[in-house]
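Report on the following structure.
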Amino acid sequence: MHRPNAGSHRLTTLAGLLLVAALPAAAQNLPAGTHSANEPPTQSTQSAEQTTNTELRSAESALERGDYTAAIAALKPLAAAQPKNAHVLYDLGFAEEHSSDDTAAAAAYAEAIAADPTVPEPQIALGLLDARNGRTEAAHRELQTASQLSTAGPALRARALRSLAILDENTDPDAARDELLAALKLSPETPADILLTARLAEHASAFPEAEAAYRHLLTLTPGDPTATAGLAHALEAQDKPAEAETLLTTALKTHPGDPRLLSQLAALYGSEGNAAQAIPLLENLQAQLRAANPGEAPDPAITHLLAHLYVLNGDFAKAEPLYRDLAAKDPTNPMRLDDLASTLVEEQKFTEAEALLKKSVAMRSNFPSDSDWAEAAGALAFAASRNHDPQITLQALAARATVLPNSPASLFLEATAHDSLHQFKDAERDYRAFLAIAGGKYPDQEFQARHRLIALEHER
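If you count the sequence shown from 1, position 23 lands on 691 in my numbering, and the numbers rise without skipping.
Structure representation (structure tokens):
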């Protein structure tokens, strides 16, 4: 049976499977539609078989032409009549998934797995469905099981392994690399495999390896924008900005307005300090995307890059609404709050910035790393200091110090916080520690520290 978008595998013909399942055990080796001599067909048996065959033909026909509503209508009574038939349940789940009823599809796939755990297709289908809906632990478990089924052919096991590699790409790149290598032992390499190899190399900061993979991919898919943008990023990471810029500008002549190429070129300009040159590229791109998809929300990656470029260019008033929108749409991401708070600090809106950073620092487990969390705590200390809130400044600096060593900036903030609280002995200690490592790089603060030390001498 042909399944649109179902991958290269296919189940045994649905009609044949159902007829085998419907026959008594003693008769399962007989040709379909015949009966043993000891069990002559009755009128009711013949009628039931005719009904089943009609429903089967209707289901198969509907699946073939992509009429999933009709397929569901035909498959539901079959599934009710044969609740232990994994193949019928899988087909029902397939039709329901393609009708955008993920809940019903997941239930049908789960029932198919319970009916026969050795059938790989529902395991893979449920794993992919769970992955798409953010249920990564369940998806990982289901795909892992499918990849190890002895009843699954090499192509199906490879498909499960590739899906696992994609699932693990960002959270466990080493595991993803092993899974991809295992898949390649079972089936030939594809362009998608080469692209994943390149991305995994980037995760490992192996940019020469990533460059080689992207170049290989471009020999197979010349001019591909995704591979070109990836190659440009790998070149930029190797401090080859001129080569990356030439690559991107040349590709844009063939693919004008391509979001991947424009975004990468804008990011390249931004990294070179040419935010003013990058901003029009992204503003035009956003206008182009809005015109093409008027009801669609802006791409968050492009919005974030544009906001960052506004900040680099000193256009904080333009960056603020973009960061507000990103934070509102991703409220559990503390890095979004940090971006907005940093912009508010630049606009001297210290009270709101402090409140946002308190909320951000409270979500420690959501940060990409402990060092990112500690940097946010440092930002909170600065905002609180400018908001004349020395107690929060000291609390935030104490949190930061559990992860990161003292810096000239943190020591100066600590000194001024103690000073404002009239904790003069602590302030003097911190001013001296600041001056010991400042090294002339902070002339204004060093001047202030020296004069406060003189003044503190008279406070004794």
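A virtual CB, placed ideally from N, CA and C, is assigned to each residue, including glycine.
CA-CA distance, residue i and residue j?
i     : j     : result
S1075 : A1104 : 11 Å
A1052 : Y777  : 53 Å
N1001 : N801  : 18 Å
A782  : A738  : 25 Å
I740  : L849  : 38 Å
T894  : E1082 : 47 Å
A987  : A851  : 44 Å
P751  : L757  : 8 Å
E764  : E723  : 17 Å
A1009 : E1022 : 7 Å
A807  : S1028 : 29 Å
R992  : E837  : 29 Å
I970  : A897  : 14 Å
L691  : A747  : For L691, the predicted model reports a pLDDT of 30, less than 50, meaning its position is unreliable and no value from the coordinates is stated.
L682  : L731  : Note that L682 scores a pLDDT of 40, beneath 50, so its modelled location is shaky and nothing firm can be said.
R1097 : R1032 : 30 Å
D735  : I834  : 30 Å
P890  : Q812  : 34 Å
L1065 : A1049 : 6 Å
A814  : V1071 : 41 Å
S855  : A826  : 7 Å
T914  : A1067 : 45 Å
S873  : A1085 : 40 Å
L771  : G925  : One point to set straight first is that residue 771 is Thr, not Leu, in the sequence displayed. Rounded to the nearest angstrom, the two C-alpha atoms are 38 Å apart.
H923  : T917  : 10 Å
E1043 : D1112 : 23 Å
E1127 : N942  : 50 Å
H755  : E789  : 9 Å
L949  : A960  : 17 Å
A1101 : A881  : 49 Å
V787  : S729  : 23 Å
Q1116 : E805  : 54 Å
E1125 : E1015 : 36 Å
P1036 : M1003 : 9 Å
L930  : L953  : 8 Å
A1159 : L817  : With the chain represented from 669 up to 1128, any question about residue 1159 goes unanswered, as that position is not in the structure.
N1034 : K997  : 15 Å
P962  : E951  : 15 Å
L899  : A985  : 34 Å
H1119 : H1090 : 16 Å
E1114 : A1077 : 11 Å
Out of the options, which has the shortest C-alpha to C-alpha gap to residue i?
i     : options                       : result
H972  : A995, L1072 and P962          : A995
P966  : N981, P927 and S831           : P927
A727  : A742, D735 and I970           : A742
P841  : R867, P856 and I862           : R867
A919  : A934, A910 and D892           : D892
D1087 : A1064, E1015 and L1121        : L1121
R830  : A844, A955, Q1059 and A780    : A844
D1094 : G1108, I1060, A1106 and L1079 : L1079
A912  : H923, P924, A934 and T922     : A934
D1040 : D1007, F1018 and D769         : D1007
N981  : N952, S939 and Q1063          : S939
L796  : H1090, A780, P999 and A774    : A774
E1020 : P909, L1005 and N1034         : L1005
When every heavy atom of the ligand ADP is checked, does at least one fall within less than 7 Å of the C-beta of residue i?
i    : result
L929 : Among the components modelled here there is no ligand, and therefore nothing to report on the ligand ADP.
Around the C-beta of residue i, are 16 or more other C-beta atoms found within 10 angstroms, so that it is buried, or is it exposed?
i     : result
P745  : exposed
L888  : exposed
R847  : The residue asked about is misnamed: residue 847 is Glu in this sequence, not Arg. Buried: at least 16 other Cβ atoms inside 10 Å.
I947  : buried
T839  : exposed
Q791  : buried
A820  : buried
N753  : buried
H901  : buried
G1046 : buried
T1061 : buried
R725  : exposed
H976  : buried
T1011 : buried
H1056 : exposed
Q932  : buried
H766  : buried
D1038 : exposed
D861  : buried
E964  : exposed
Is the CB of residue i under 8 Å away from at least one CB in chain B?
i    : result
L835 : Structure shown: chain B not included; a single protein chain is present.
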